[in-house]
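Residue numbers in the sequence shown follow full-length UniProt numbering, run continuously in steps of one, and reach 203 at the last position. Cβ coordinates follow ideal geometry from the N, Cα and C atoms, glycine included.
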Amino acid sequence: MRKDEFLSSLERLLRSLKREERNKFLSYYSEMIDDYMEDGCGEEEAVERIGSPGEIAQEILTDREERPAKPTPAWLRVGVIVLLILGSPLWGSLVLAALCCALAAVILVLSAYVVIWCIPVIFGALSVSSLLLALVSTVGSAILLFQDTATGLVQMGAGILSAGIFVVAALITWELGKRFVVVTTKFSKWLAGLFQKMRGVKA
1 MRKDEFLSSL ERLLRSLKRE ERNKFLSYYS EMIDDYMEDG CGEEEAVERI GSPGEIAQEI
61 LTDREERPAK PTPAWLRVGV IVLLILGSPL WGSLVLAALC CALAAVILVL SAYVVIWCIP
121 VIFGALSVSS LLLALVSTVG SAILLFQDTA TGLVQMGAGI LSAGIFVVAA LITWELGKRF
181 VVVTTKFSKW LAGLFQKMRG VKA
């Protein structure tokens with residue numbers, strides 16, 4: 001194997017290392033081959049004395065994996081703790097402001113949903129109350145007719161009117177409900193798209 005072939009193969013096997021570290025090993029073995037050649041060895045013989053690129057790469061990578069990580073200096077840990085303590089008023093206020101903004105955004109979204117559904121809920125409540133009034137008035141008029149005909153008729157008229165209001169309010173509630181479901185769906189999709197755009201900007 002020639003020198004350039006050896007170095008090219010070794011570089012390919014050490015591609016997981018950083019470029020500076022990889023170049024350091026390549027320079028070391030290149031100089032070793034040059035030293036053997038200066039001592040009278042041929043190029044292929046000098047390469048053969050060093051060993052195969054696979055064995056050398058495996059030895060380098062194994063030694064690198066077994067090398068223990070350097071512990072963090074005590075002064076650096078103390079410095080980080082001191083900086084966190086001294087900067088707590090600043091980053092604490094920033095965290096609090098971020099939480100307040102998030103809470104305000106949630107309240108704003110909930111308020112928007114409440115506003116959207118406020119009108120259908122009002123008509124729905126009106127329809128329910130009208131139905132209850134119509135039932136009470138109808139039952140009451142049947143009893144009052146035997147006691148006081150005029151009062152019974154007024155009560156019956158109130159029941160019929162309440163029934164009419166119930167029908168109209170129920171129809172309006174149904175139509176508004178369908179329309180506001182569409183509005184809510186579009187609003188939710190708009191919020192989801194806005195959130196995705198914000199995440200894309202942050203990324």
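Decide if V115 is buried, meaning its Cβ has at least 16 other Cβ atoms within 10 Å, or exposed. Here residue 115 is taken as the residue at index 115 of the sequence shown, counted from 1. Per the 10 Å Cβ criterion, exposed.
Could you check how far apart the C-beta atoms of E43 and K3 are, in whole angstroms? I think they sit under 8 Å. For this step, residue 43 is matched to residue 43 along the sequence shown. For this step, residue 3 is matched to residue 3 along the sequence shown. Contact flag correct, Cβ pair sits at about 6 Å.
Would you report the Cα separation of F6 and V47, rounded to the nearest angstrom? Here residue 6 refers to the residue found at position 6 when the sequence shown is read from its first residue. Here residue 47 refers to the residue found at position 47 when the sequence shown is read from its first residue. Roughly 7 Å separates the two Cα atoms.
Neighbourhood of L191 by C-beta distance below 6 Å, restricted to the same chain and skipping five residues each side: Residue mapping note: residue 191 aligns to position 191 of the sequence shown, counting from 1. Excluding positions up to five away in sequence, the list is empty.
Using three-state DSSP, classify C41 as helix, strand or coil. Taking the sequence shown and counting its residues from 1, one reaches residue 41 at position 41. Of the three classes helix, strand and coil, the one that applies to C41 here is coil, per DSSP.
Minimum C-alpha distance to L10 - residue among E21, G54 and G40: Position 10 of the sequence shown, counting from 1, holds the residue named residue 10. If we check each option's Cα against that of L10, G54 comes out closest.
Do you know how far the Cα of L145 is from the Cα of V154? Counted from its first residue, the sequence shown places residue 154 at position 154. Counted from its first residue, the sequence shown places residue 145 at position 145. Between V154 and L145, the C-alpha separation is close to 10 Å.
Between L171 and P120, which are expected to be in contact by the criterion C-beta below 8 Å, what is the C-beta distance as a whole number of angstroms? For this step, residue 171 is matched to residue 171 along the sequence shown. For this step, residue 120 is matched to residue 120 along the sequence shown. That pair is no contact at about 12 Å.
Would you check whether the ligand COA has a heavy atom nearer than 7 Å to the C-beta of T185? The ligand COA is not part of the structure shown, which contains no ligands of any sort.
First and last residue of the uninterrupted alpha helix (DSSP H) at L126: Residue mapping note: residue 126 aligns to position 126 of the sequence shown, counting from 1. Unbroken alpha helix (DSSP H) run through L126: S88 to L144.
Alpha-carbon spacing of L83 relative to S93, whole angstroms: Working through the sequence shown from its first residue, we reach residue 83 at position 83. Working through the sequence shown from its first residue, we reach residue 93 at position 93. Each residue's Cα considered, the two are about 15 Å apart.
Between which two residues does the alpha helix (DSSP H) carrying R12 extend? To locate residue 12, count along the sequence shown from 1; it is residue 12. K3 to L13 is the extent of the alpha helix (DSSP H) around R12.
Quick check: what's the CA-CA separation for G40 versus I33? Reading the sequence shown from its first residue, position 40 is the one you call residue 40. Reading the sequence shown from its first residue, position 33 is the one you call residue 33. If I take the Cα positions, the gap works out to 11 Å.
C-beta atoms of D126 and S162 nearer than 8 Å: Here residue 126 refers to the residue found at position 126 of the sequence shown. Here residue 162 refers to the residue found at position 162 of the sequence shown. With the sequence shown as reference, residue 126 is identified as Leu, and Asp is not the correct amino acid for it. In this structure, S162 does not lie closer than 8 Å to L126 by Cβ.
Under the three-state reduction of DSSP, which class applies to G157: helix, strand or coil? For this step, residue 157 is matched to residue 157 along the sequence shown. Looking at G157 - three-state DSSP - the assignment turns out to be helix.
Grab me the residues of V183's own chain with a C-beta within less than 8 Å of its C-beta, minus the 5 sequence neighbours each way, in chain order. To locate residue 183, count along the sequence shown from 1; it is residue 183. Counting only Cβ-Cβ distances below 8 Å, and skipping sequence neighbours, we find I116.
So, for V109: in the same chain, excluding its five sequence neighbours on each side, which residues have a beta-carbon less than 8 Å away from its beta-carbon? For the purposes of this step, residue 109 is taken as residue 109 along the sequence shown, with counting starting at 1. Hits under 8 Å: L191.
By the three-class DSSP mapping on this structure, what secondary structure does Q196 have? For the purposes of this step, residue 196 is identified with residue 196 of the sequence shown, where counting begins at 1. Q196: helix per DSSP, three-state reduction.
May I ask you to report which of helix, strand or coil DSSP gives K186? Your numbering for residue 186 matches position 186 in the sequence shown. In this structure, K186 counts as helix in the three-state DSSP scheme.
How many whole angstroms separate the CB atoms of A57 and L13, which I take to be in contact at a CB cut-off of 8 Å? Counted from its first residue, the sequence shown places residue 57 at position 57. Counted from its first residue, the sequence shown places residue 13 at position 13. Confirmed, Cβ separation roughly 4 Å.
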